[in-house]
Every structure is written in C-alpha cells, then in structure tokens.
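One rule links them: number in my numbering = place in the sequence shown (from 1) + 6.
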Amino acid sequence: MPSKAKTGKKLVIVESPAKSKTIAKYLGEGFIVEASIGHIRDLPQPSELPAELKKTSVGKFAVDIEHDFKPYYVVSADKKKKVTELKAALKDADELYLATDGDREGEAIAWHLLEVLKPKVPVYRMTFGEITKEAIQRAMGNLRDVDSALVDAQETRRVLDRLYGYEISPVLWRKVARGLSAGRVQSVVTRMVVDRERERMAFKAASYWDLTGQFGADSGSFKAKLAAVDGAKVATGRDFNDDGVLTSKNVAHLNEELATSLAAGLQDASFTVRSVDTKPYTRRPAAPFTTSTLQQEAGRKLRFSSKSTMQVAQRLYENGYITYMRTDSSALSDEAVTAARRQAAELYGPEYVPQSPRVYANKSANAQEAHEAIRPAGDSFRTPAQVAKQLSGDEFRLYELIWKRTVASQMGDAKGSTATIRLGAVAADGRDAEFSASGTVITFPGFLAAYEEGKDETRGDEDSDEARRLPNVAKGDALKASDIIAVGHETSPPPRYTEASLTAELEKKGIGRPSTYASTISTIQDRGYVRKQGSALVPSWIAFSVIRLLEQHFSDYVDYEFTADMEGDLDKIANGQAVGASWLRHFYFGEDSDPGLLSIVNNLGEIDAREINSIPITDEITLRVGKFGPYLESSAATVDPKTGEIVESARANVPEDLAPDELTAAKAIELMETAAPEERVLGTDPHTGHTVVAKNGRYGAYVTEVIPEMTEEQIANQPVEYYKNGKPKPAKKPVKAKPRTGSLFKSMTVESVTLDEALQLMSLPRVLGEDAEGNLITVQNGRFGPYLKKGTDSRSIGSEEEIFTITLEQALEIYSQPKQRGARAAVPPLAEFGPDPVSEKNIVVKEGRFGPYITDGITNITVPRATSLEELTREQAVELLAEKRAKGPVKRTATRKAPAKKKATAKK
7 MPSKAKTGKK LVIVESPAKS KTIAKYLGEG FIVEASIGHI RDLPQPSELP AELKKTSVGK
67 FAVDIEHDFK PYYVVSADKK KKVTELKAAL KDADELYLAT DGDREGEAIA WHLLEVLKPK
127 VPVYRMTFGE ITKEAIQRAM GNLRDVDSAL VDAQETRRVL DRLYGYEISP VLWRKVARGL
187 SAGRVQSVVT RMVVDRERER MAFKAASYWD LTGQFGADSG SFKAKLAAVD GAKVATGRDF
247 NDDGVLTSKN VAHLNEELAT SLAAGLQDAS FTVRSVDTKP YTRRPAAPFT TSTLQQEAGR
307 KLRFSSKSTM QVAQRLYENG YITYMRTDSS ALSDEAVTAA RRQAAELYGP EYVPQSPRVY
367 ANKSANAQEA HEAIRPAGDS FRTPAQVAKQ LSGDEFRLYE LIWKRTVASQ MGDAKGSTAT
427 IRLGAVAADG RDAEFSASGT VITFPGFLAA YEEGKDETRG DEDSDEARRL PNVAKGDALK
487 ASDIIAVGHE TSPPPRYTEA SLTAELEKKG IGRPSTYAST ISTIQDRGYV RKQGSALVPS
547 WIAFSVIRLL EQHFSDYVDY EFTADMEGDL DKIANGQAVG ASWLRHFYFG EDSDPGLLSI
607 VNNLGEIDAR EINSIPITDE ITLRVGKFGP YLESSAATVD PKTGEIVESA RANVPEDLAP
667 DELTAAKAIE LMETAAPEER VLGTDPHTGH TVVAKNGRYG AYVTEVIPEM TEEQIANQPV
727 EYYKNGKPKP AKKPVKAKPR TGSLFKSMTV ESVTLDEALQ LMSLPRVLGE DAEGNLITVQ
787 NGRFGPYLKK GTDSRSIGSE EEIFTITLEQ ALEIYSQPKQ RGARAAVPPL AEFGPDPVSE
847 KNIVVKEGRF GPYITDGITN ITVPRATSLE ELTREQAVEL LAEKRAKGPV KRTATRKAPA
907 KKKATAKK
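Here's what the structure looks like:
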C-alpha cells in the first residue's frame, strides 16, 4: 500500500478558539490551528454506561475499582462533532502538535486527544507560558512527549473526586436533604467558613477603655493614646481571648469609671516628653503574582470575585497580554526581570532600580503549574497606556494591576524612619499616665512609587498607630495637653472570610490548588452552602448540618491536614514518585489498620438525622434544618396570646437574610414571640366535611384542607385483589389523597382569612367557559400574579380580586388583543450594559422565574449565584452571553413513536 503523500501541513491543537487565533499569528506557513474547546472525553454518569457494564466493577463509578481503578472514558456528546472535525484535519496533516496548557489539566487534554485521534504521523508536545512570537519560537525548539506522570496525577484526582462525591453525597441526601453534594476540597472549604461562623457565634465581647489627647509643642501638635498607667501597659483588644477573658498579665484593664476619672485628673496636669526613639524603616516590594495572590489582590483592589478574576485573566492570556494565569510560582524569567528593571528605570529613574535583580523563591514546595509568575507577556512589557484601547474595562484594570505589581517587584526598597514619642504626667489622684505616639516618614518611596499591596481586615487594626509625621521634640520638652477624653472599646469577633482572605488561608493550609480556588469558592455558593453579605462569606444553616455530619462520620475527609496531605500525594504522582492506581487502592479499600473510604461508608452505623439537623440556641429553643429551610422550635409549652390556646411545640421561621451569628438567644426569643401562627383552623367544608386551615409556609401563607387518614377498619374493608393463581395479594397501602390548596392573596393574612375566602381559593382554577373554537378558558393565581389560560396561551390580568369577578366576555376581549410579550413586565430592567458586540442588541439584566438573568433579546443566561448584581460588569455580561452562544441551544430529546410494523404479504 503506497504511503500517504506529504502535504506540508502541520496541525496544532489548543484548548480554546481565542488561543488558536492568537497563536496562529505567530506560526509560519503550513500550520493549521484548531481548538478542542477543553476536554473531549470524561467519565460518564453511571446511568449512561452500556447495559453490559452496569453490573460489573465499572458500574458504580464508571471506574473499574477491581482493575487498578481504570476509568471508563467516553467522548462527550457535545464534542463528537469536534472530534470528527479534528480527525478530518489530521488526515491532511504530516505532523501533529499538541499545544494545550502546560499544567496537569492541559497535559490530560493532550493525552485524551492522542487516545481518541490515534494519529499515524509524528506527534509533538508543545508548551509555552505566554502567547508571544518569542515564546512560540522558544517552544518550537523545546518539543517533548506527553508527560505520563502529569496525566496520571490528573486522572488520579479525577477518579478520587468521583469516589469521594459518589460515596459521601448519598449519605447527605438521606440524612440532610436531597440534591446536596460532598467534594474533596469543596467540603473542607465549606467547613472553614462554618468554623469561622462558629467562632463568631461563640464569641463574647469584652469592654476596655483608654484615653486619647492632643498635645502641642512649638514645632506642632500631635495626637497620642494612653499606653501605661503606673508603669503597667494599658489593656487593648489583643489582651483578651474570644471568651472575653483578660489573658495578659501585668496589664492595666481600665473600665469606664477608671478611665473617666483619670481623664478628669489629667486636665490640668503638666506633660513632658519622656523619650524619643527613632528607628530606620525599610519595606520590600511584594513578589510577582501567583494565581492565589492575583485573586486576593483583585478582590481587595478591584472588588472582583475569584471567578471573575480568572475569567478576565484567561482572556488576557489567550489574547497574548499576560503569561499563563495558573501558577504556583513567583519567579520571573531572565527576560522578564530585564524588561521590568528597564521599564522601572525609564518611568521612575535609575535610582529606583537596585543594583542586583530581585529573586523571589517559591512559597509552594510543590509548584505544580507553570514555572513563572503572572506578568505582562513578552520580552519587553507594554504599559497600560499602550494597551488601553485594545482592552475592555475589566481587562484593562487587571492588566494594569499585573503590570504595576511586576514592575514594582524589581524596584528598590521604600526607606524612611519611624519615630516613637513617649510622654507623661501625674494625675490629680497620683496615678502616673504615659501616652505614646508613633509616626513614619518615607524619605525614599522606592517601589511605592508604582504599587502598594492591599491588606485584608484583621482584628486589632483599631489598636495600631497611625503612620504620620511627628513634630521635632526632645526628651524633657514641656507639652500642652488638650482634649483628653476617655474612649470605650469592645473586642471584635474574628472577621468573616472574604474571597480574598479565604484564598489566602487555603494557600496557607495547603488545601487544594490555587488554579481551582475560584471554581471551588463559586461552587459552594452555587450549592447554597455559602452566600455573600457584602464581600463577606456567610454559611447557610444547611452548611452547618452538612459539616456536622461529615465531622462526626467522615472526620478525616474534612480534616485540614489530611486534605493538604492528599494534595502532597498528588504532587508525588505528578513527579513520578508514586503511582496513581496504588494510591487510589489504599484510599478506597484501606490497608491494615487504616480503613479506606469503602469501609467507613459500609460501617456508618445509625445516624440520627434529627440530631444532625438541630442546633441549640437556648435551653428551650432549638434551630432545626427542615425540608423547607431552617426554623426555630421551642420545647416549652407556650400560650398563644391571641387565642389563649396552649401550644406544645411552637415554631417560628428564620429570616433568610439573618446570618447565623446574628441568631442570638435574645433574637430567637424575639422571633418566637413575634411569629405568626403556624396554623389556624377556619372551619369545615360543608361539601366534603374536611377541616380547612390557614398556614404559614416557606413560600408564603396558604389555605388547605385536612384529609383524614383511613382507619384500619376502612383499610381492611378494601376490595381484595388476587394473583392469577387465585391467591390474594397483600393489602396495598392506601394512596394518600392530595389536599386542595390555595395561596393567600396579598391582601389576606393567616389571621384575617375567612372560611368562605379559603373555599374560593381552593376552588381555583376557575373555569370561565369556552371560546368559539371550543378551547377552555380558566383563570388562576400564579407566582407572578393572576392570569388567564387557554391551552398554552397565558394572559396576565389586573389584580388578584379579579380572579373571582372576571367574566368570559372580558376574557375573550383580552384574547382578541395581540399578545404583548414582556408587557406584563414593563418593569424597568435591573441593569443595562449597552449594545452586545455580536448581536448589537441592548444587553439588560431582568428578573426571571429562577432569578436575575442577562439577555440581549436573543440569548439568555442566568446571572451566576456567586456574582451579585452590584459586582456584575458589562465585560462579564458580554462574556457570559458569548459562552452561552458558544454552547448552542439546549438539545431536547424528542419523543418518537416507533414506526408501525408492516404486515407481511402472504405468499400466493
């Protein structure tokens, strides 16, 4: 068979279309660049496995747990067309270059492409940390094979996450709520947020006082704070623990009375300078950005969520503006160091650049991702002004942040001096009071001329001295005092995590990978475990139940150190020091005295769901997490103030926006006392004899009928059914009749609704009659208000009261008018972002049935739960619409009837 004729074409495959367009500009003639659009294969759901595999060792996880945990991969349904296109392109190529990202995920994508495409031409693995001409040329000179150790590490992580989620999540479904999920990193991150809220709930504030005063000298005045009384340091917030107990010894704890009397006794006292201490001040620049520090700083300075930061960074990388954005390394290449030093000297002067280049060591011992920090792309950097017209608003802001940090990292130290003045006097009652003031003067700004790193909120910030210039004074100088006042303080609980501070803590503990922090933090919000309150992350009550169950029955799997060790083990696999299959076998099946996950799941014992979902608030009030959300329940019998009835187990709903640490004992009692009656008996339906009640439900007040259960005698008197052999079938459990219900109108309350109104509400929908074609027209109340319904055609009507007054003639008149789509909501949009660059239609955010969504009138996409409307930017809206368009319309499975069988023609 003759060999294939050479075509001179070389096929290059990357992950994304944007990356393919950028790289194509730098490759020579004959190169064809295609995008796989991410992974082309993955583990299917077990329900999607072929029938012959479902009862085998592959059936539970789509992983063969009896044969080295070999995954059963399938080409994703939405990638089959792409695979066909890539195979067609490969037929005409003489060489294949796999140019996916250089991290584990990119290596795995390259391996899957090899496995599926089965190329018969030479294959080269090509990686680069930035998409520039120089970087592509260097990459072409450093081609290699696919790294099997990196692929093994990624595959091990994928299988590990499948085992963890599929074994533990069902326990949550049974004992907490359906639809919950557990994840190797996700659950641990949720625990961190819950633990912080527990600390806040247990926190007891302590009160302490001090004095402040204004002191004048010939060279100027300054503010100072009381530092010591009779030689003993004055207690500050740092001297108390979270139980409100003073832990420091030999300190003066001033209360209001002591502080106020001391302030009064110092009004006419003579103050003198007791000491002046001056020390040199030096501050070094921060290291260039890693994935983690970029997310933290973008959160602090730009108010970006972690997810938004990574989306914007991805676009900057794929379009050739920055280096690869998933990295644990803070090191810069020699070319980057030269570029940063040159630019710093040009913009700020040669004196701002130190003699020797700065070298930053990696904080991570196992930096798994790319080998360079995130920096502007190229061997010479473009200034923000040079790229401003080519970037969107968010892209420019993030590029500017990265550029400033990179250039500043190669600039000189900030230098200056810090002066501390101690001054004192003796009060009228004989107590010696010593005040202190500190100030820092910067004499050479160094890197601060370009950039200063942000800070997260920490406790004790209020106790720190303000950086300012102090007047020139000397020991023994007399000072004139004024405005000496007593100031009260309370210790503050540990601050809630923000996305930035949570990312920093995850990196500190070694949990997960910086490249996955954004998606993990987004996931715990999408799952309903955590919500944002401003920028703070607040756990839901259901998160408390989930974490409590995991701590009690899967303690290792939410242990911080255990999770960090797992990450270290994956690093060993990536480095070729361990084998994934052996590690998974130990994790799942265990070894000797170390039980595996399977053993733990099979020996859980009895789990008390009620106990797991209960949190005592007071001795008599308990918060319970129920099917429809959290509620309070009192174990003490109470008297209904309106009816005088004794309620054995009173309940009250918990407001959704009430943070767990705000549910104090006093707040719980208030909620119980002000709770609307949970149920009120309205009377008996004269037609059915059923009791009718009004209730307060999670989704509002409603009325319903109480259908009594069948008695044992009624069940026994049911007709007996028989098998074909004549034997009687066992009695079936009677099907519980569904009660009629109806939501209360906005004008009604549980306390005011009458029996007649309830019967009317339960009779809905109300039949008005038929139109000329015989189509039935009804009127009813819905989530978005009252409406008419004729087949699939719905029309809104004015008010809820019209439901019982509107006539057929009026309904026909409404249906005779053209349907005005969206007119019911001539409600103004929640936000507007101008024309979409693709459709050229106006982008707006509207309130929809399932929450706010972005639309250009053609494409709709729900606003991610992790993104608040206040944070949503035009760039994010455009990006989300573009992603939705790229996915195409949702494919719906059509129900098809089997063709009728043809009758066989009888042979004559």
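Here a beta-carbon is modelled for each residue, glycine too, at the ideal position from N, C-alpha and C.
Go ahead and pull the three-state DSSP assignment for residue i.
i      : result
Asp151 : coil
Gln392 : helix
Phe310 : coil
Ser599 : coil
Phe450 : strand
Ile527 : helix
Gln816 : helix
Arg321 : helix
Pro294 : coil
Leu17  : strand
Glu679 : helix
Ser227 : strand
Phe75  : coil
Pro382 : strand
Let me confirm a value: residue i is counted as buried when at least 16 other C-beta atoms fall within 10 Å, else exposed. Which label applies?
i      : result
Asp84  : exposed
Ser551 : buried
Val844 : exposed
Val20  : buried
Pro622 : exposed
Pro692 : exposed
Val165 : buried
Thr569 : buried
Ala510 : buried
Thr13  : exposed
Val756 : buried
Ser769 : exposed
Thr28  : buried
Between residue i and residue j, what straight-line distance do the alpha-carbon atoms span, to the nearest angstrom?
i      : j      : result
Tyr4   : Gln416 : Within the shown structure, residues of the chain are numbered from 7 to 914, placing residue 4 beyond reach of any answer.
Tyr563 : Leu603 : 9 Å
Val698 : Leu169 : 49 Å
Glu4   : Pro835 : Here the chain covers residues 7 to 914 and nothing more, so residue 4 does not appear.
Ala275 : Val251 : 33 Å
Ser298 : Ser561 : 27 Å
Ser314 : Tyr78  : 33 Å
Tyr594 : Lys87  : 36 Å
Gln317 : Ala24  : 13 Å
Ala549 : Asp600 : 28 Å
Glu626 : Arg180 : 27 Å
Pro545 : Tyr535 : 6 Å
Ser281 : Gln392 : 52 Å
Val152 : Asp614 : 50 Å
Ile38  : Glu113 : 20 Å
Arg206 : Ala665 : 11 Å
Arg537 : Pro520 : 21 Å
Val195 : Leu556 : 13 Å
Ser525 : Gly857 : 21 Å
Asp598 : Pro56  : 35 Å
Asp167 : Glu35  : 43 Å
Arg131 : Arg348 : 33 Å
For residue i, verify whether its CB is less than 7 Å away from any heavy atom of the ligand GTP.
i      : result
Ser541 : Inclusion of the ligand GTP in the displayed structure is not the case, the ligand content being empty and no account of it being possible.
Tell me where the alpha helix (DSSP H) around residue i begins and ends.
i      : result
Pro23  : Pro23 to Ala30
Thr329 : Looking at the DSSP string, Thr329 is not in any alpha helix (DSSP H), and its letter there is neither H nor E.
Ile408 : Gly399 to Ala414
Ser63  : Premise fails: Ser63 is in no alpha helix (DSSP H) and is neither H nor E.
Ser267 : Glu262 to Gly271
Asp575 : Tyr566 to Ala580
Counting along the chain, where does the beta strand (DSSP E) carrying residue i start and finish?
i      : result
His495 : Ala484 to Glu496
Arg711 : The sequence as given places Glu at residue 711; Arg does not occur at that position. Gly706 to Val712 is the span of the beta strand (DSSP E), which, as asked, contains Glu711.
To test your reading of the DSSP string, which unbroken alpha helix (DSSP H) runs of 4 or more residues are found completely within the segment 90 to 151? 110 to 123 and 139 to 146
Which ranges would you report for the beta strand (DSSP E) in the segment 831 to 893 if only whole runs of at least 3 residues count? 837 to 841, 848 to 854, 857 to 861 and 866 to 868
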